[in-house]
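Numbering (this note's numbering), first residue to last: 807 to 1138.
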């Protein structure tokens, strides 16, 4: 995790714990630290502003939407010095993803970063808390993605119309309580790339109901942009900006918190995207037992597991009540 030759590092390491970036350099302005719901400025000069974005704050306003955005925050900051200034977005984080991002302060910086983003964004690292045991120490993410409706993507076949090639890799940091904590390094930056690709291999990001998660240990999407290594658009300097993930990410590995769903037992298969959460008191799913279909009631204690090829049990009778049969009333 150390910076390369000639790079300068700004902020804490990805696993140091905490709730915001540290170690600012350059002009910081009049910030007193992060204010609720607003970004924390990690670095600032005449060309770029690097932020630690909080969860829930959109980068730009959705079509027809209103409310505070990252773009508004940076533009207002620039206009304290130049009333005509306007910030420009060169890359995005999803509204519910937190962490490091950069915003251009002028048209020249915007053009350089957008035209040469693949070369200037040398390293992008995310930390994700995902459901299930990854079963390996590392792996690759290689698939094609295509839009599947408003604000939704899906895995596509190579060559499918509109499909884009998405590449990345993951490394396991830790695990426990039915979760895995992974670092994800991007080679491409497609919309919802990390969320879709992790869900497609059976490990949705915790809190990501859109892509199959049914566990919500932190009350948020558990995805954080922890590192950005960027070649400065004017000076050409390699700069490294970091923000540690919130403590809730590592805490979930110890607490077993799942907001209603019991922790998955060792050896129990991972729940597939779209499979309903296991109810409290429902027996664990046996290895080889088919996934429970949406709408299929939970299995009762003592009820045998469903065998491969057996249809979904759409209705289940509760266990018979023990005791003497009720007497029938005689009709006169």
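Note that CB positions come from ideal geometry on N, CA and C, so glycine has one too.
When the options are compared against residue i, the one with the closest alpha-carbon
i: residue 866; options: 879, 996, 858 and 1056; result: 879
i: residue 904; options: 943, 973 and 1055; result: 1055
i: residue 927; options: 897, 937, 956 and 953; result: 897
i: residue 961; options: 936, 983, 1001 and 1043; result: 1001
i: residue 1048; options: 933, 1024 and 842; result: 933
i: residue 891; options: 853, 869 and 924; result: 853
i: residue 950; options: 999, 900 and 982; result: 999
i: residue 983; options: 1059, 955 and 881; result: 1059
i: residue 963; options: 842, 971 and 956; result: 971
Terminal residues of the alpha helix (DSSP H) in which residue i lies
i: residue 1000; result: 999-1006
i: residue 881; result: 876-884
i: residue 1058; result: 1053-1061
i: residue 914; result: 913-921
Heavy atom of the ligand MG within 8 angstroms of residue i beta-carbon
i: residue 1051; result: The ligand content of the structure shown is nil, which means the ligand MG is not present either.
Extent of the continuous beta strand (DSSP E) run through residue i
i: residue 987; result: 985-992
i: residue 937; result: 927-937
i: residue 1033; result: 1029-1037
i: residue 978; result: 970-982
i: residue 905; result: 904-910
i: residue 946; result: 944-953
i: residue 866; result: Residue 866 -> no beta strand (DSSP E), and no H or E assigned at all.
i: residue 856; result: 854-859
i: residue 849; result: 846-850
i: residue 1044; result: 1044-1048
i: residue 961; result: 959-962
Cβ-Cβ distance between residue i and residue j below 9 angstroms
i: residue 895; j: residue 876; result: yes
i: residue 978; j: residue 993; result: no
i: residue 906; j: residue 1057; result: no
i: residue 936; j: residue 1004; result: yes
i: residue 1029; j: residue 1014; result: yes
i: residue 864; j: residue 873; result: yes
i: residue 893; j: residue 847; result: no
i: residue 997; j: residue 953; result: yes
i: residue 1039; j: residue 910; result: yes
i: residue 975; j: residue 939; result: no
i: residue 930; j: residue 995; result: yes
Distance, residue j Cα to residue i Cα
i: residue 1012; j: residue 888; result: 42 angstroms
i: residue 1061; j: residue 1021; result: 13 angstroms
i: residue 769; j: residue 908; result: Lying before the first or after the last residue shown, residue 769 is absent from the chain, which here runs from 807 to 1138.
i: residue 902; j: residue 1026; result: 7 angstroms
i: residue 922; j: residue 849; result: 21 angstroms
i: residue 1008; j: residue 844; result: 33 angstroms
i: residue 1052; j: residue 1024; result: 10 angstroms
i: residue 946; j: residue 991; result: 10 angstroms
i: residue 835; j: residue 1046; result: Any reading at residue 835 must be qualified, since the residue scores a pLDDT of 41, below 50, and its modelled position is unreliable; the value itself is stated next. In a straight line, the C-alpha of residue 835 is about 20 angstroms away from that of residue 1046.
i: residue 941; j: residue 980; result: 11 angstroms
i: residue 1043; j: residue 920; result: 17 angstroms
i: residue 1018; j: residue 988; result: 18 angstroms
i: residue 925; j: residue 948; result: 20 angstroms
i: residue 1086; j: residue 958; result: Only weak support is given to the placement of residue 1086: the predicted model assigns it a pLDDT of 49, under 50, and the value that follows is read from those uncertain coordinates. Taking the straight line joining both Cα atoms gives about 30 angstroms.
i: residue 886; j: residue 842; result: 21 angstroms
i: residue 883; j: residue 899; result: 20 angstroms
i: residue 967; j: residue 869; result: 25 angstroms
i: residue 881; j: residue 1006; result: 38 angstroms
i: residue 1041; j: residue 912; result: 15 angstroms
i: residue 965; j: residue 944; result: 27 angstroms
i: residue 956; j: residue 916; result: 27 angstroms
i: residue 1050; j: residue 851; result: 23 angstroms
i: residue 969; j: residue 871; result: 28 angstroms
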